[in-house]
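For the sequence shown, this note's numbering begins at 749 and goes up steadily by one. Every residue, glycine too, gets a C-beta built ideally from N, C-alpha and C.
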Amino acid sequence: MRVICIYRDREDYTRTVAEWLENFYRQTGHKIEEMNPDLSPGFCETYDIVEYPTLIALGNSGEVLALWRGRNLPLFSEVAYYASK
């Protein structure tokens with residue numbers, strides 16, 4: 749399984765996302781992959797990601813297992829399940 753956080757640097761939400769990612773790692777011990785949508789437009793088009801930040805959990809064959817969009821970031825427990833697999 750793969751969990752990815754897609755967001756842009758230098759936006760008004762960037763600090764909030766960075767703090768969320770850091771706290772998630774401290775509390776769960778799992779790192780979440782980070783992706784800039786400007787550097788991976790094909791990935792974002794494939795999964796129809798047009799709102800940032802977005803967290804996406806993908807299965808081993810690329811299927812979407814969970815998706816969280818927008819500035820209201822999910823609870824750690826919601827994401828930890830996917831990050832631990």
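Item checked: Distance, tyrosine 830 Cα to glutamate 759 Cα -> Using only the alpha carbons, I get a separation of about 27 Å.
Next item on the list: Please classify glutamate 781: does DSSP put it in a helix, a strand, or coil?
Entry: strand
Notebook entry, point to check: Quick one: is proline 789 buried, meaning 16 or more other Cβ sit within 10 Å of its Cβ, or exposed?
Noted result: exposed
Check: From the DSSP output, which residues share a beta bridge with leucine 815?
Finding: Ile804
Next item on the list: Mark valine 798 as exposed unless 16 or more other C-beta atoms lie within 10 angstroms of its C-beta, in which case mark it buried.
Entry: exposed
Next item on the list: Look at the alpha carbon of cysteine 753 and the alpha carbon of valine 812, and state the distance between them as a whole number of angstroms.
Entry: 13 Å
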